Amino acid sequence: MTEKVLDAAGIVKSFGGTVALDHVSITLARGEIHALVGENGSGKSTLVKVLSGVFPPDAGLLRSGGRQMTFADPSDAQRAGIRAVYQEDDLIASLSLSRNLFLGRAPRNRLGLIQHSRMKERAAEILPAFGVHSDVRRPLGALDDGARKLVAVARAIIAGAQLVIMDEPTASMGPTDIESLFAAIDAYRAEGGSVLLVSHRLPELEELSDRITVLREGRVAHTGPADRIDRRTLISVMLGRRPTLAVPAPAGPPETPTAPPYLRAIGLTRRHALSDVSIELREGEVVGLGGLLGAGRTETAKAIAGALPLDSGEVTVAGAPLRKRSITGAIRAGVGLLPENRTAEGIVPTLSVRDNIALAALPRLSTFGVLSNARIDQVVDTFMRRLQIKAHSPHQKAGELSGGNQQKVLLARWLATHPKVLLLDEPTRGVDIGAKAELADLLDELAVNGLAILLISSDLEELVNSCDRVVVLRDGAVITELIGRGITEEGIISAMVSAG
Ligand SMILES: Nc1ncnc2c1ncn2[C@@H]1O[C@H](COP(=O)(O)OP(=O)(O)OP(=O)(O)O)[C@@H](O)[C@H]1O
Ligand SMILES: [Mg+2]
């Protein structure tokens with residue numbers, strides 16, 4: 140029998156009335172990569188936190204190396220060789236890469252002083268193996284989300300853990316970061332390390348995992364070898380029903396677009412970020428924005444939404460220039476932006492789901508400045524149902540929702556403003572496969588009803604399936620535009636990486 144690094148049996152964990160984990164059992168063998176999948180709110184992050192000592196379980200047993208364990212806090216779990224990389228960042232943006240890599244366990248000399256130069260040397264040796272090639276003295280905050288996650292993974296692995304639990308590490312990563320992560324995981328497994336990996340990206344998991352466990356509504360719906368379950372079955376086990384996978388729509392209207400563009404961005408330019416980017420959006424059109432990390436996709440969306448100052452360029456909506464370059468000005472003109480980084484720029488965790496949704500629409504929902512609570516309730520209720528937001532009531536704090544459900548709340552916030560133009564920056568990051576298909580349908584429906592949509596996504600399949608046109612950016616400039624049947628994954632990739 141293979142040795143078990145961790146054996147959890149009958150784990151129960153409730154929050155108030157919500158049973159997040161209902162008698163969940165899972166084992167981790169030495170040298171095993173074990174995938175954990177399930178819909179948004181199915182209990183994955185809660186299990187991660189119970190296994191790594193953040194939450195004590197209400198009931199159930201944890202055993203490691205045959206011995207029963209109780210974790211009062213994460214440091215107990217760390218002493219037992221278990222470390223986690225959480226869904227939300229827990230590193231310190233203002234500290235250097237090397238300090239973060241050794242956070243809480245910096246090398247010290249005999250006098251107890253931190254050995255900074257030794258730490259920097261070690262970090263410079265370690266980080267490239269994890270695909271992080273920046274100067275180790277730079278602040279962590281200077282890196283993009285994907286690279287930050289790689290530092291967090293490196294930190295957990297080099298701490299000498301025998302089990303590293305990773306909660307959606309790939310959610311904010313591009314293809315290169317994912318490759319680096321998988322190479323690092325492979326190397327760790329070769330040395331006998333075990334990984335419990337949470338992800339919504341099934342193709343990746345099939346490639347990497349030895350076993351897959353599926354959670355559904357807080358229970359184990361399936362567990363077994365990864366090569367004995369095909370993707371369709373896996374999805375139906377996850378959803379508890381037969382999948383209605385989005386059939387790729389016959390891409391794009393090949394008819395020549397006759398309507399004048401509703402939104403025109405002309406010559407958007409900002410030093411070191413954008414050079415002369417022009418984009419047009421027509422009513423009823425879903426336009427994709429492709430490109431690698433750093434190509435200028437987020438900057439373009441922000442510039443259009445008035446959230447990024449420009450050196451030059453102009454945005455017109457329905458023929459009128461957006462004069463006041465501000466977010467409120469853009470909202471007033473009917474332009475909504477769903478930002479990329481939901482924790483930093485979006486969700487207010489201490490406010491209720493209701494207030495988070497109503498936040499941007501408040502001016503619309505009031506009559507002569509008087510807010511109608513009934514009207515707000517009605518709007519909130521509609522969007523909670525439509526996007527199937529999993530919360531026990533509209534009054535639950537948004538910070539208590541699962542990561543994917545927080546993303547849906549943000550989307551509801553912008554839909555509630557009844558925008559004419561919707562700019563979506565990685566809207567399905569961390570969103571489960573069922574909700575992804577629903578979102579694709581919703582975008583279709585919104586477009587049919589006359590909305591103009593700009594969709595930024597690193598998921599090429601999503602761009603191909605949802606867009607009428609795809610504009611590809613590289614180094615802050617428009618490289619090419621693919622239309623209708625001309626939109627293919629290969630086409631987008633070759634434009635993304637094409638030489639100047
Ligand atoms: N601190 C908390 N307080 C109250 N309820 C919570 C808390 N944390 C999680 N929950 C609830 O427990 C359930 C499981 O949430 P969890 O975060 O584990 O889901 P998840 O599978 O990780 O989802 P996602 O894919 O969206 O990240 C959800 O109903 C969530 O609202
Ligand atoms: Mg989660």
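For the sequence shown, the working numbering begins at 140 and goes up steadily by one.
Glycine included, C-beta positions come from ideal geometry on N, C-alpha and C.
All figures in this text were calculated on a predicted structure; none of them were measured in a lab.
Residues near residue i in its chain [Cβ-Cβ closer than 8 Å; skip 5 each side]
i	result
L282	L236, V271, S273, V290
P392	Residue placement at P392 is flagged as unreliable, the pLDDT there being 47, under the threshold of 50; a coordinate-derived value is accordingly withheld.
Q527	K547, A574, E577
I297	L240, I265
V176	K183, V337, S338, H339, L341, L344, I351, T352, V353, L354, L373, M377
P387	Low per-residue confidence applies at P387: pLDDT is 42, beneath 50, and the placement is therefore not dependable, though the value from the model is reported in the following sentence. Answer for P387: V603, N604, listed in chain order.
L599	G429, E628, I631, I632
Where residue i falls, given that 16 or more other Cβ within 10 Å makes a residue buried
i	result
Q546	buried
P478	buried
F241	buried
G156	exposed
R287	buried
P558	buried
R206	exposed
A513	exposed
P364	exposed
F154	exposed
L250	exposed
H301	Reading off the sequence shown, one finds Gln at residue 301, where the question assumed His. Label assigned to Q301: buried.
S375	exposed
E584	exposed
E438	buried
E307	buried
Q517	exposed
S597	buried
R421	buried
E330	exposed
I150	buried
Segment limits, alpha helix (DSSP H) that includes residue i
i	result
F154	That residue, F154, is in no alpha helix (DSSP H); its beta strand (DSSP E) goes 143 to 154.
H255	255 to 265
E629	628 to 636
D520	512 to 525
V376	370 to 378
P314	314 to 329
S311	S311 -> no alpha helix (DSSP H), and no H or E assigned at all.
S184	183 to 190
Host beta strand (DSSP E) of residue i (start-end)
i	result
Q207	206 to 208
T408	402 to 409
V353	350 to 355
P364	358 to 364
D161	157 to 168
Beta-ladder partner(s) of residue i, from DSSP
i	result
S451	T408
E620	V610
L201	A147, M208
P278	S235
L550	DSSP, once it has assigned bridges, lists no residue as partnering L550.
K536	S491
V292	According to DSSP, V292 bridges with nothing at all.
D306	V337
A555	None; A555 has no bridge partner.
H173	L335, R350
L562	L476, L593
L413	R409
Cβ neighbours of residue i in the same chain (closer than 7 Å, five flanking residues each side left out)
i	result
A232	P278, L279, G280
V425	L582, A586, I592, L594, S605, C606, D607
L432	D283, G285, G313
I470	A499, T556
K152	A159, L160, T185, V189, F194, P196, D197
Close-in-space but distant-in-sequence residues of the same chain around residue i (CB under 6 Å, 5 per side omitted)
i	result
I351	A174, A365
E419	P400, R403
M312	G285
L538	It should be noted that the sequence gives Gly, not Leu, for residue 538. Within the same chain, G538 has close Cβ partners P488.
A616	S414
P533	V492, R493, V519
L563	L477, L594
Q254	P246, N248
I324	V334
Residue i Cβ short of 7 Å to ligand 3 heavy atom set
i	result
T439	Within the structure as shown, ligand 3 is missing, the only ligands being ligand 1 and ligand 2.
Self-check item: Uninterrupted alpha helix (DSSP H) stretches inside the segment 416 to 499 (no shorter than 4 residues)
Solution: Segments of the alpha helix (DSSP H) lying fully in the segment 416 to 499: 436 to 443, 466 to 471, 481 to 484, 492 to 497.
Quiz prompt | Length at least 3, wholly inside the segment 214 to 258: the beta strand (DSSP E) runs in chain order | solution = If one requires a minimum length of 3 residues, the beta strand (DSSP E) runs lying completely within the segment 214 to 258 are 221 to 224, in chain order.
Exercise. Give, in chain order, every unbroken run of the alpha helix (DSSP H) that is at least 4 residues long and sits entirely within the segment 564 to 615.
Key: Whole alpha helix (DSSP H) segments, 4+ residues: 572 to 587, 599 to 605.
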